[in-house]
Each structure stands twice: as C-alpha cells, then as structure tokens.
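S.K.: Numbering (full-length UniProt numbering), first residue to last: 1 to 54. One structure, pasted below without further comment.
Encoded structure:
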C-alpha cells in the first residue's frame, strides 16, 4: 500500500540522517551520549508532533 511505502521511505531517510548525525551538529559531543531518545527516535517524534498539530 502507498502509505506503507511512504513510511518505509521516511524510516530509511531518518536512519540515513541519524547514521551521520555528526554532520548536522555543531560539536562532536551533541547527540552522542546514549540518552532516552537517540537521534532517530527524536527526529521521528518531532515530525509526528508537527504533523499532528495541523
């Protein structure tokens, strides 16, 4: 189904961004600690919150 393809593409894109997250941060220490929300979950959460506010 079409919505599953969109979700799969989104998940793949988030994975690609989170695998090179150091290219999107100001210092080497940003988003490197093991926290409750790793970069991929944080990105997914922020996008889902933005989409639910419209």
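Yeah, the Cβ is synthetic: ideal placement off N, Cα and C, and Gly gets one too.
Residue 43 and residue 20: beta carbons closer than 8 Å?
M.R.: No, Cβ-Cβ distance for residue 43 and residue 20 is not below 8 Å.
S.K.: Between the Cα of residue 11 and the Cα atoms of 40, 52, 51 and 49, which residue gives the shortest distance?
M.R.: Comparing Cα positions, the closest option is 40.
S.K.: What number of angstroms, rounded off, separates the C-alpha of residue 22 from the C-alpha of residue 52?
M.R.: Spanning the two alpha carbons is a distance of roughly 28 Å.
S.K.: When DSSP labels each residue in this structure, what does residue 2 get in the three-state scheme?
M.R.: Looking at residue 2 - three-state DSSP - the assignment turns out to be helix.
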